[in-house]
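> Sharing a structure with you now.
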Amino acid sequence: MPARVVLVARSHAYGLRAAQAAATQWAAGLVPHVELLGLVLVADAPGRLPRPLRDLAQVVGGGVPRTWNVPWVESWRLGEPPALADAPREVHRLVDELSALVTPGATGTTYRKEQR
């Protein structure tokens, strides 16, 4: 059974390029026995990404089965322990979808991209 893997990267240029390199290796079959579930992009700053980073995130996201975005949470940066009950809706969606993906027989959710 292949290992189920989720790539996680910050949304800055370095993080996106690192995720792109990892996704490219996966797509080329260079990491056997890996089932890539998707990519989690964690905001590197509050607010919207600048256009060049949005464009790069879209390109990188196109190379993986699914992408989730986790917004900036200032309290997490300051060391407050994350609590799911207080987490943004994007985090709830991420947890729900990952739970569905790792449950035997699950087919994903409406946010799922087509398998490659």
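With the working numbering applied, the sequence shown corresponds to residues 4 to 119, in that order. Think of the CB as a built atom: it goes at the ideal place given N, C-alpha and C, for glycine as much as any other residue.
Can you have a look at Thr-113 and say buried or exposed, based on whether 16 or more other CB atoms are within 10 angstroms of its CB?
Position 110 of the sequence shown, counting from 1, holds the residue named residue 113. Summary for Thr-113: the model assigns pLDDT 41, below 50, so the residue's position carries little reliability, and this model does not support an answer.
> Let me know if Val-105 comes out buried or exposed under the rule of 16 or more other beta-carbons within 10 Å of its beta-carbon.
Indexing the sequence shown from 1 puts residue 105 at position 102. Classification of Val-105: exposed, given that the 10 Å Cβ count is below 16.
> Taking the beta carbon of Gln-118 as the centre, do at least 16 other beta carbons fall within 10 Å, making it buried, or is it exposed?
Along the sequence shown, read from residue 1 onward, the residue named residue 118 stands at position 115. With a pLDDT of 38 at Gln-118, under the threshold of 50, the modelled position of this residue cannot be trusted, and the question is left open.
> Kindly indicate which three-state DSSP category Glu-93 falls into: helix, strand or coil?
Indexing the sequence shown from 1 puts residue 93 at position 90. Glu-93 falls in the helix class under three-state DSSP.
> Which two residues bound the contiguous beta strand (DSSP E) that contains Glu-38?
Here residue 38 corresponds to residue number 35 of the sequence shown, with the count starting at 1. Start and end: 37-45.
> Between the Cα of Gln-23 and the Cα atoms of His-36, Leu-97, Ala-6 and Gly-41, which residue gives the shortest distance?
The sequence position of residue 23 within the sequence shown is 20, counting from 1. Taking only the C-alpha atoms, the option nearest Gln-23 is Gly-41.
> Measuring from the CB of Leu-33, is there a heavy atom of the ligand ATP at a distance below 7 Å?
Ligands are entirely absent from the displayed structure, and the ligand ATP is therefore not among its contents.
> Quickly, what does DSSP pair Val-9 with across the bridge? List them, please.
To locate residue 9, count along the sequence shown from 1; it is residue 6. Answer is Gly-41.
> Quick check on the burial criterion: 16 or more other C-beta atoms within 10 angstroms. Buried or exposed for Leu-19?
Residue numbering aside, residue 19 sits at position 16 when the sequence shown is read from its first letter. Leu-19 is buried by the Cβ-count criterion.
> Among residues of its own chain, excluding the 5 on either side of Ala-26, which ones have a beta-carbon nearer than 6 Å to its beta-carbon?
The residue labelled residue 26 in the question sits at position 23 within the sequence shown. Result list for Ala-26: Gly-66 and Val-67, in chain order.
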